[in-house]
Amino acid sequence: VTVSPLPHPLVQLWIWRKDKKTAAADRYIIDTYGEVMELTMNPYCEEEFVLTSQFAVFFFSFKKDWDNASDRLHCEVLHEIHNRLGSFTDTTYLPRVAKALSSTSKGYVIVWEDKDKLQHTIHHGKHVRLNLEEITHIEVVDEVVAIATVSGNIRFYDYSLKFLWASKEHIGTLVTLAFNLNGKSKEGVHALCTLTSHSSACAVTWRKETEQLIDATLQQKPFHVRHFVTSTKNGELAYFNSTKELPHKMLYPSSANYTAIDVMPQSSYICAGTSEGQVILIDFYDCKIKVTKQLPIEHNECGAVSFLRYSPSGLLLACGMYSGEIWLLDPLLLTPRYSPLTNCVDCITHLVFSSRSDYFAVADTGMCVTVFFLLDPPVPVGQFRAHSKVIRDIMFVACDDRLLLYTVGEDRNIVQFEIVNKSEEVTDKILKFVNIHRVEQSAVPCCIVPYSLDENYYLMVNTEMKFKLLAADTLKCCKTIQAPNLEYPITFLECFTGNDQPYLLFGTDQEIGLHILPPDGNPYKSLAYRMSPTRIICCRIHSQGKYMFTISENCSVINMWKINTTAVDEFYTQGGVGLDPFLSLLEGGKGGWQEKDLREFFLFGQFIHQGERPNTVRALSKSLQVCEMVNIFRALGFFPTKYQIDNILYEVLGPDVSRKHQSDSKIKYEDFVKVYLNHRPCQELTVTDLHQAFLDFYEGAYFTERDPSQRRLDVDPIFSTESLVEKLVTTGEEMTFQEMYASLSTLMESKLEIKHEDYFSVPPMPFMPKEMSFHTFFTTLLGFKY
1 VTVSPLPHPL VQLWIWRKDK KTAAADRYII DTYGEVMELT MNPYCEEEFV LTSQFAVFFF
61 SFKKDWDNAS DRLHCEVLHE IHNRLGSFTD TTYLPRVAKA LSSTSKGYVI VWEDKDKLQH
121 TIHHGKHVRL NLEEITHIEV VDEVVAIATV SGNIRFYDYS LKFLWASKEH IGTLVTLAFN
181 LNGKSKEGVH ALCTLTSHSS ACAVTWRKET EQLIDATLQQ KPFHVRHFVT STKNGELAYF
241 NSTKELPHKM LYPSSANYTA IDVMPQSSYI CAGTSEGQVI LIDFYDCKIK VTKQLPIEHN
301 ECGAVSFLRY SPSGLLLACG MYSGEIWLLD PLLLTPRYSP LTNCVDCITH LVFSSRSDYF
361 AVADTGMCVT VFFLLDPPVP VGQFRAHSKV IRDIMFVACD DRLLLYTVGE DRNIVQFEIV
421 NKSEEVTDKI LKFVNIHRVE QSAVPCCIVP YSLDENYYLM VNTEMKFKLL AADTLKCCKT
481 IQAPNLEYPI TFLECFTGND QPYLLFGTDQ EIGLHILPPD GNPYKSLAYR MSPTRIICCR
541 IHSQGKYMFT ISENCSVINM WKINTTAVDE FYTQGGVGLD PFLSLLEGGK GGWQEKDLRE
601 FFLFGQFIHQ GERPNTVRAL SKSLQVCEMV NIFRALGFFP TKYQIDNILY EVLGPDVSRK
661 HQSDSKIKYE DFVKVYLNHR PCQELTVTDL HQAFLDFYEG AYFTERDPSQ RRLDVDPIFS
721 TESLVEKLVT TGEEMTFQEM YASLSTLMES KLEIKHEDYF SVPPMPFMPK EMSFHTFFTT
781 LLGFKY
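Counting from 1, one number per residue, gives the positions in the sequence shown under UniProt numbering.
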């Protein structure tokens with residue numbers, strides 16, 4: 001059940017196993033009853049739920065057999081509440097004795113009873129004041145009624161609302177009161193009281209001979225209730241054991257947020273950095289803080305920790321700061337081993353060690369990369385500013401006797417460095433610039449990792465949701481693969497092995513997921529879950545691949561997750577074999593209209609390659625000449641650029657992409673479908689995107705990134721035919737006047753041919769409009785309806 005906010009609250013009921021896009025029933029509620037406070041499902045009848053607002057309680061029942069969606073939700077509104085009772089805060093269902101209980105802001109509990117069970121009418125039975133404070137939460141569990149007050153006091157009553165037990169400590173305004181799903185504890189009750197004595201007026205007493213809690217009745221019965229967890233507005237989290245009087249506090253409020261974490265290799269320790277310059281060592285098996293250290297910070301500098309990284313040997317912890325300083329700490333004591341390294345002046349965004357733990361490199365917001373040699377003390381071996389935009393990732397690679405460093409930037413370049421000897425002395429090293437490679441045309445590379453299945457390749461992902469396998473020696477794109485299509489681009493990758501199967505852990509700003517290796521575009525090979533309502537700023541995996549840790553923006557909590565690869569393995573088997581999982585990416589799925597178009601165009605391509613000779617016997621096969629492949633992609637609505645065509649041909653044919661090799665080589669239908677699905681864009685081009693490109697084209701900003709707030713959407717430029725053709729030929733990818741003439745004449749359905757003398761200048765085009773606005777370009781030239 002979902003409820004939309006004011007001013008027009010809409011209640012919608014969804015049968016999520018059947019239809020996730022259309023609500024099974026919906027109904028508007030009156031907004032004059034105030035803000036919706038709580039929604040509670042009936043645990044004893046799945047077709048019923050209650051909605052609590054400030055001045056009314058709505059009891060809903062779902063009628064499955066009714067045809068009209070708006071009539072399927074029967075609603076009974078109860079708003080018989082006097083001012084002296086306050087406003088409603090929560091409602092819970094009560095079995096057998098009454099229908100439900102509602103709590104109020106003045107400490108009352110209202111009992112709702114069935115007036116007529118045949119007509120399903122409910123009325124106000126009685127009200128009882130249980131507390132002088134506001135009751136923020138009410139719940140029925142283990143045949144007792146639990147309430148929580150605004151001060152954090154938790155009380156238990158029987159179904160007659162007679163007092164049984166109360167917590168001694170007021171922990172603050174409660175946000176959540178969550179009971180253990182497994183029921184009452186079956187363990188023996190042998191808790192010892194930490195207080196020296198109890199007064200006779202104490203509501204909670206102890207039976208000394210059995211050392212267990214008893215209730216406040218005259219019979220002094222043992223009081224048992226399942227364990228529960230509470231959370232408060234100020235950020236406290238407490239665990240209540242039903243055999244003990246005092247809560248065990250699990251999480252304390254903190255003014256500092258976590259800004260960086262890392263996991264010590266082959267151990268149970270994680271280190272976290274805070275916004276106030278603290279580094280904290282935590283044993284995640286025991287969930288206990290072992291060491292806390294405050295790094296020395298100058299008063300005029302930002303003291304937040306920006307990045308933490310353990311060396312692969314686990315003998316050193318590097319700590320990058322927002323101020324640009326780098327501290328090298330003892331991995332267990334967290335004490336500085338040397339004075340801070342001050343070679344960087346901007347915030348440290350990335351830090352990585354070499355595999356032998358003898359070098360480490362850092363990248364900062366100033367687009368600089370700096371490498372240090374871990375001598376005693378560490379010395380810098382080089383600093384470069386080789387990118388024009390922010391560095392997205394850095395990576396060390398040990399290749400034979402060489403140590404290479406790669407940096408990936410938002411300028412779509414990968415820069416390659418090498419650490420070489422400066423002189424004959426072994427310790428005299430220098431960072432050498434090797435090469436720079438353009439790896440993307442329009443997308444932005446997000447991160448890069450060594451490909452665990454083959455050391456001859458690197459795995460990169462970009463903002464257009466594409467994995468790319470890059471050759472380690474040339475950085476040439478050897479294969480493009482469809483990545484999980486999520487709400488945000490993937491910003492984190494790490495390969496690991498679980499149950500003898502290689503996996504890829506990936507993450508976006510809010511989702512974390514698993515992908516079975518090798519990637520091939522199969523959508524059933526990956527699963528992702530939303531793990532944070534705010535941006536995830538750091539994700540680390542344990543060296544054994546069993547646990548994962550995340551922290552989010554402006555949050556003082558470290559989340560620990562257990563990695564269960566069984567879910568993605570079972571999901572993969574459900575996808576089927578062969579092309580079945582890939583065809584689910586097409587509209588209509590397997591057997592749909594888009595798959596039929598694929599098969600028909602695949603056969604048409606064979607006809608076209610055999611020529612248009614009449615009265616000729618045609619031979620159809622399950623293979624297509626590669627030279628016809630790109631034209632079929634265009635017929636299907638995917639128009640690759642020349643850059644993309646080069647990547648496609650290199651992937652299918654290898655280094656030899658000559659026209660003769662394209663004509664002689666064939667591609668099978670299964671491989672053809674996979675290439676099409678892996679290379680086509682995830683998101684279709686919209687009219688707004690095309691209009692903005694037209695405006696950027698007019699302003700000379702084609703293929704550039706601009707702030708959306710500065711775009712001139714109110715301008716409708718007009719080109720002359722000559723200026724439009726001139727810009728199309730000279731801007732962007734290379735194109736001859738002959739190719740442009742052929743394209744425009746085809747679009748305008750003209751049979752005029754270009755003359756040879758017009759190959760090197762704008763040729764006459766009588767079939768084109770004299771002036772070209774966006775409306776003319778979109779409707780007349782491209783043939784769309786505007």
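Yeah, the Cβ is synthetic: ideal placement off N, Cα and C, and Gly gets one too. Keep in mind that this is a model prediction, so the values were computed, not measured.
Counting only unbroken stretches of 3 or more residues, the beta strand (DSSP E) elements lying wholly within the segment 292 to 351 are 305 to 310, 317 to 321, 326 to 329, in sequence order.
Only residues of its own chain outside the window of five on either side were considered, and among them Val-369, Ile-391, Ile-394, Val-415 have a CB closer than 6 Å to the CB of Thr-407, listed in chain order. Across the set Thr-566, Glu-455, Ser-750, the C-alpha of Ser-750 shows the shortest separation from the C-alpha of Met-765. Around the beta carbon of Lys-596, a 10 Å sphere encloses fewer than 16 other beta carbons of the protein chains shown; the residue is thus reported as exposed. Under the Cβ criterion (8 Å, minimum of three pairs), the segment 148 to 167 does not count as touching the segment 50 to 68. Distance between Leu-583 and Phe-417, taken at the CA atoms: about 42 Å. A direct Cα-Cα distance of roughly 42 Å separates Asp-428 from Ile-512. By the CB criterion at 7 Å, Tyr-258 and Thr-274 fall inside the cutoff. The segment 445 to 459 makes no contact with the segment 637 to 652: fewer than 3 CB pairs, one atom from each, lie closer than 8 Å. Counting other Cβ atoms within 10 Å of its Cβ, Asp-65 stays below 16 and is therefore classed as exposed. Ranked by how close their Cα comes to the Cα of Leu-517, the residues Gln-510, Thr-565, Ser-532, Ser-552 have Thr-565 in first place.
Rounded to the nearest whole angstrom, the C-alpha separation of Gly-507 and Met-629 is 34 Å.
An exposed status is given to Met-41, since fewer than 16 other beta-carbon atoms sit within 10 Å of its beta-carbon.
The beta carbons of Met-740 and Val-725 sit about 6 Å from each other, so the pair counts as a contact at 8 Å. Close CB contacts of Gly-605 within its chain, under the 8 Å cut and outside five residues either way in sequence, are with Leu-624, Gln-625, Glu-628, Met-629, Asn-631, Ile-632 (chain order). Burial is judged here by how many other beta carbons sit within 10 angstroms of a residue's own beta carbon; Gly-303 has at least 16 and is buried. Between Gly-172 and Glu-134 the beta-carbon gap is near 13 Å, outside 8 Å, which marks them as no contact. Shown here for Gln-278: same chain residues with a beta carbon closer than 8 Å to its own, the five before and five after excluded, namely Ala-256, Thr-292, Lys-293, Gln-294, Leu-295, Val-305 in chain order.
Annotated three-state conformation of Gln-574 is helix, per DSSP. Residue Val-140 holds the alpha-carbon nearest to the alpha-carbon of Asn-180 among Ala-216, Val-140, Lys-288. In this chain, the alpha helix (DSSP H) harbouring Phe-607 covers 593 to 609. Between Ala-100 and Thr-91, the CB-CB gap stays under 7 Å.
Scanning its chain for C-beta atoms nearer than 6 Å, with the 5 sequence neighbours on each side dropped, one finds around Ala-146 the residues Glu-139, Phe-156, in chain order.
In chain order, Pro-717 place their CB closer than 6 Å to the CB of Tyr-698, counting only its own chain and leaving out the 5 sequence neighbours on each side. The beta carbon of Ile-563 is closer than 7 Å to those of Gly-498, Gly-545, Lys-546, Tyr-547, Met-548 in its chain, skipping five residues each way along the sequence. Cβ-Cβ distances below 8 Å link Met-250 to Val-229, Leu-237, Ala-238, Tyr-239, Cys-287 in the same chain, with the five nearest sequence neighbours on each side left out; the list follows chain order. Here the alpha carbons of Thr-243 and Phe-55 stand approximately 38 Å from one another. In the three-state scheme derived from DSSP, where H, G and I count as helix and E and B as strand, Leu-583 is classed as helix.
By the Cβ-count criterion, Lys-466 is buried, with 16 or more other Cβ atoms from all chains shown falling within 10 Å of its own Cβ. Rounded to the nearest whole angstrom, the CA to CA distance from Glu-771 to Ser-720 is 5 Å.
A distance below 8 Å between beta-carbons, with the five flanking residues on each side excluded, links Gly-366 to the following residues of its chain, in chain order: Cys-344, Val-345, Asp-346, Arg-385. Secondary structure within the segment 406 to 465: the beta strand (DSSP E) runs of 3 or more consecutive residues, fully enclosed, are 413 to 421, 429 to 438, 445 to 450, 457 to 462 (chain order). When DSSP states are grouped into helix, strand and coil, Cys-627 belongs to the helix group. The segment 504 to 552 is shown to contain whole beta strand (DSSP E) runs of 3 or more residues at 511 to 516, 526 to 530, 536 to 541, 547 to 552, in chain order. Cβ neighbours of Ser-313 within its own chain (closer than 7 Å, five residues either side excluded): Ser-357.
Looking at the backbone, the Cα of Asp-71 and that of Glu-38 are separated by about 23 Å.
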